[in-house]
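Visitor: Starting off with a structure, shown below.
Numbering (the working numbering), first residue to last: 140 to 245.
Below is the structure:
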């Protein structure tokens with residue numbers, strides 16, 4: 140959920156977007172403190188992003204699962220707290236599109 144340029148404990152101000160494009164979902168944004176994302180065993184990250192900016196505040200966001208081997212799911216700045224393998228990492232998602240990305244929409 141956390142992002143480097145916003146108050147990360149407040150989900151109402153997230154900037155990451157999740158947009159439907161035909162059968163795909165396009166995810167754009169930066170996530171900060173993604174615990175364990177640099178661990179070689181990590182195969183997927185759960186991304187929270189805005190899917191409906193016009194909806195009431197509590198219904199604007201959805202989650203998607205992004206496989207770490209997705210093209211353009213780039214890992215940056217292995218800035219680990221105390222250099223622990225499970226420490227926080229930063230993940231940038233630019234125009235990630237996969238048919239397997241299914242947001243949870245209630």
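The C-beta atom is built at its ideal place from N, Cα and C for all residues, glycine as well.
What's the gap between the Cα of residue 196 and the Cα of residue 176?
Guide: Looking at the two C-alpha atoms, the distance is approximately 28 Å.
Visitor: On a Cα-Cα basis, can you pick out the residue from 191, 174, 179 and 192 that is closest to residue 185?
Guide: The shortest C-alpha separation from residue 185 is found at 174.
Visitor: Using CA coordinates, which residue listed in 179, 148 and 160 is at the minimum distance from residue 206?
Guide: The shortest C-alpha separation from residue 206 is found at 179.
Visitor: Per the DSSP calculation, residue 187 is bridged to which residue(s)?
Guide: Paired residues: 202.
Visitor: Judging by CA-CA distance, which residue of 188, 158, 155 and 183 is the nearest neighbour of residue 208?
Guide: Of the candidates 188, 158, 155 and 183, the one whose C-alpha sits nearest the C-alpha of residue 208 is 183.
Visitor: Can residue 82 and residue 144 be called in contact, C-beta distance under 8 Å?
Guide: An answer regarding residue 82 cannot be provided, because it is not within the stretch 140 to 245 covered by the chain.
Visitor: Excluding the five sequence neighbours on either side, which residues of its own chain have a C-beta within less than 6 Å of the C-beta of residue 151, listed in chain order?
Guide: Cβ neighbours of residue 151 beyond the five flanking positions: 196.
Visitor: Under 8 Å by Cβ, that's how I've got residue 193 and residue 168 pegged, so tell me the actual separation to the nearest angstrom.
Guide: The pair is not a contact, with the Cβ atoms about 18 Å apart (cut-off 8 Å).
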